[in-house]
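Residue numbers (the working numbering): -11 to 270. First comes the structure, then the notes that go with it.
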Amino acid sequence: MSSTPSTLTPTVSIPFLNLPPELRLKIYTYVLTSPEPVTITPSSTTSSQFSQFLSFAVGLDSSSLSPPSTPTATIPSQKLLTPYPVSAQLLRTSRLIHAEATSILYTANTFNCSSHSALPILLQTLTPATSALIVHLILDWDQLQDFSWSLSKPATVHATSGLQTLDLATWRMRVLGGSSSLWRDVKSYERQICQAALDITRKHPRLKVVLARTFYKRSKASMDVYTSVVPNTWGRIKWRFVTGAAAAAKVGDGGNEKVVNLQDELDRLSASSAELSALLWQ
-11 MSSTPSTLTP TVSIPFLNLP PELRLKIYTY VLTSPEPVTI TPSSTTSSQF SQFLSFAVGL
49 DSSSLSPPST PTATIPSQKL LTPYPVSAQL LRTSRLIHAE ATSILYTANT FNCSSHSALP
109 ILLQTLTPAT SALIVHLILD WDQLQDFSWS LSKPATVHAT SGLQTLDLAT WRMRVLGGSS
169 SLWRDVKSYE RQICQAALDI TRKHPRLKVV LARTFYKRSK ASMDVYTSVV PNTWGRIKWR
229 FVTGAAAAAK VGDGGNEKVV NLQDELDRLS ASSAELSALL WQ
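Structure follows, in structure tokens:
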């Protein structure tokens, strides 16, 4: 004899929003955060999966939870954000969940925008209020000048006002000397980077200190055999922009990061460049 609907065991339903708020927050954190940086890169992808990610997750506006008729209309198809493994579909289930969980998506993740056009794309995609939730960002050395110039616009200052850390994605070889036009160009590039970093700390409301970490330092004596190729080279260096309070705590705990005096660094580079120019003109 076949079963009838009246004889089937009823399914027990436990509405998500009936869970305690602290448990819901733990679930949001599990679903919406990644242990690795969320990498934003330009892409020509136009798949429906990506379109849904862009409009439902990154570009979701709290004033409307309905899918737009043209999900990617606000961004050219050549400049889309590459999907990442964090699932943000939970944000679309209700206004309350969206209000509770959106900040977790942006404050708890680190966004890697070290691809050249990634940061402008991200800031154009998000509303200013949403982008201001981003706390941790990664750029690269070559982007410091563009970021510094963009901070001349009040809209960019507002959109990035939540930043507490700005890491540089790669290590850079540090050149201390040299007597050729090649090293003069390197010094010029270092001055540009240093000036951009100094401007960022002056313009941004929170990123006020640069911490430096060095790696694999060689003594000059051990480098003699290499001086024809890499004269007076001093290991590698990596910078991180942080708040004043974070810098005080980091330096105070005895870590291997040191505060960079950007003005002194800029003066030293300028003096070194002048000496090199005088030497080359002799």
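Just so you know, even glycine gets a beta-carbon here, dropped at the ideal spot from N, CA and C. Since we're looking at a predicted model, the values are computed, not measured.
Cβ distance (whole Å) where residue i is taken to contact residue j below 8 Å
{"i": "residue 193", "j": "residue 99", "result": "Contact doesn't hold; Cβ gap of about 19 Å is too wide."}
{"i": "residue 20", "j": "residue 89", "result": "6 Å"}
{"i": "residue 249", "j": "residue 201", "result": "Going by Cβ atoms, the distance from residue 249 to residue 201 rounds to 16 Å, so no, they are not a contact pair."}
Selection from the options that minimises the alpha carbon distance to residue i
{"i": "residue 15", "options": "28, 78 and 23", "result": "78"}
{"i": "residue 95", "options": "22, 10, 203 and 244", "result": "22"}
{"i": "residue 134", "options": "160, 106, 159 and 119", "result": "106"}
{"i": "residue 115", "options": "143, 102, 76 and 129", "result": "143"}
{"i": "residue 130", "options": "84, 159 and 149", "result": "159"}
{"i": "residue 253", "options": "178, 103, 231 and 75", "result": "178"}
{"i": "residue 103", "options": "113, 97 and 156", "result": "156"}
{"i": "residue 84", "options": "238, 12, 161 and 251", "result": "12"}
CB of residue i within 8 Å of CB of residue j, strictly
{"i": "residue 145", "j": "residue 154", "result": "no"}
{"i": "residue 123", "j": "residue 151", "result": "yes"}
{"i": "residue 257", "j": "residue 184", "result": "no"}
{"i": "residue 302", "j": "residue 28", "result": "This structure cannot speak to residue 302, because the chain is shown only from -11 to 270."}
{"i": "residue 198", "j": "residue 227", "result": "yes"}
{"i": "residue 119", "j": "residue 111", "result": "yes"}
{"i": "residue 181", "j": "residue 229", "result": "no"}
{"i": "residue 125", "j": "residue 101", "result": "yes"}
Coarse secondary structure for residue i, derived from DSSP in three states
{"i": "residue 259", "result": "helix"}
{"i": "residue 157", "result": "coil"}
{"i": "residue 115", "result": "coil"}
{"i": "residue 127", "result": "strand"}
{"i": "residue 207", "result": "Confidence is the limiting factor: at residue 207 the pLDDT is only 48, short of 50, which leaves the residue's position unreliable, though a coordinate-based value still follows. Coil, per DSSP."}
{"i": "residue 226", "result": "strand"}
{"i": "residue 246", "result": "strand"}
{"i": "residue 199", "result": "strand"}
{"i": "residue 29", "result": "coil"}
{"i": "residue 231", "result": "coil"}
{"i": "residue 98", "result": "strand"}
{"i": "residue 194", "result": "coil"}
C-beta neighbour in chain C for residue i, strict 8 Å
{"i": "residue 101", "result": "This model lacks chain C altogether; it includes just one protein chain."}
Inter-residue spacing [alpha-carbon to alpha-carbon] between residue i and residue j
{"i": "residue 223", "j": "residue 6", "result": "56 Å"}
{"i": "residue 186", "j": "residue 9", "result": "43 Å"}
{"i": "residue 255", "j": "residue 18", "result": "47 Å"}
{"i": "residue 137", "j": "residue 190", "result": "12 Å"}
{"i": "residue 81", "j": "residue 236", "result": "42 Å"}
{"i": "residue 42", "j": "residue 203", "result": "Note that residue 42 has pLDDT 42, beneath the 50 cutoff, so the model's placement of it is unreliable and the number below is only indicative. Residue 42 and residue 203: Cα-Cα distance of roughly 38 Å."}
{"i": "residue 259", "j": "residue 225", "result": "21 Å"}
{"i": "residue 196", "j": "residue 233", "result": "9 Å"}
{"i": "residue 231", "j": "residue 148", "result": "13 Å"}
{"i": "residue 117", "j": "residue 141", "result": "16 Å"}
{"i": "residue 113", "j": "residue 251", "result": "35 Å"}
{"i": "residue 161", "j": "residue 75", "result": "37 Å"}
{"i": "residue 97", "j": "residue 238", "result": "21 Å"}
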